[in-house]
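In the working numbering, the protein residues as written are 334 to 481. Every residue gets a Cβ at the ideal spot worked out from N, C-alpha and C, and that includes glycine. Here's the structure, in structure tokens; my notes come after.
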């Protein structure tokens, strides 16, 4: 990945829906060059898809929780795959430390969050620690790309 690729990725991080022709104009490249580079970045797995930002409160999910789970001797990948089927679990990571998995969960209410946790426990006997987010000051920032 060279400096031109980093510039293109930075532009897409800023606005993934930005037309490639606009990125080409801003970078002084031909649209076909930007298209070819984006295709190569996708083929190499450096970038994939695009995302939209959602107002979860407006959609009825005002509760955001970070759930840590200790799964004991079970397969982390197997438990994580089973948890994928639980609605409202947005993300799941294997982590180090006291717990084995960390999940991001969205819920309608604290009671709904309790139901989600019980559903997770029904899938696998886990010990959990739940942290409810009170305010989000920022999220989704990206590290600088120029040093890559």
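| query | result |
| --- | --- |
| Consult DSSP for residue 375 and reduce its assignment to one of helix, strand or coil. | helix |
| Kindly give me the distance between the Cβ atoms of residue 461 and residue 449, rounded to whole angstroms, as I take these residues to be in contact under 8 angstroms. | That belief does not hold up - the Cβ atoms of residue 461 and residue 449 are roughly 11 angstroms apart, past 8 angstroms. |
| Please identify the residue among 386, 339, 407 whose C-alpha is closest to the C-alpha of residue 350. | 386 |
| Going along the chain, which unbroken runs of the beta strand (DSSP E) with 3 or more residues stay wholly within the segment 402-443? | 422-427, 434-440 |
| In the DSSP assignment, find the alpha helix (DSSP H) that holds residue 340 and state where it starts and stops. | 336-347 |
| Look up residue 399 in the DSSP assignment and give the residues it is bridged to. | 437, 464 |
| Over the uninterrupted alpha helix (DSSP H) stretch that includes residue 353, give me the two end residues. | 353-360 |
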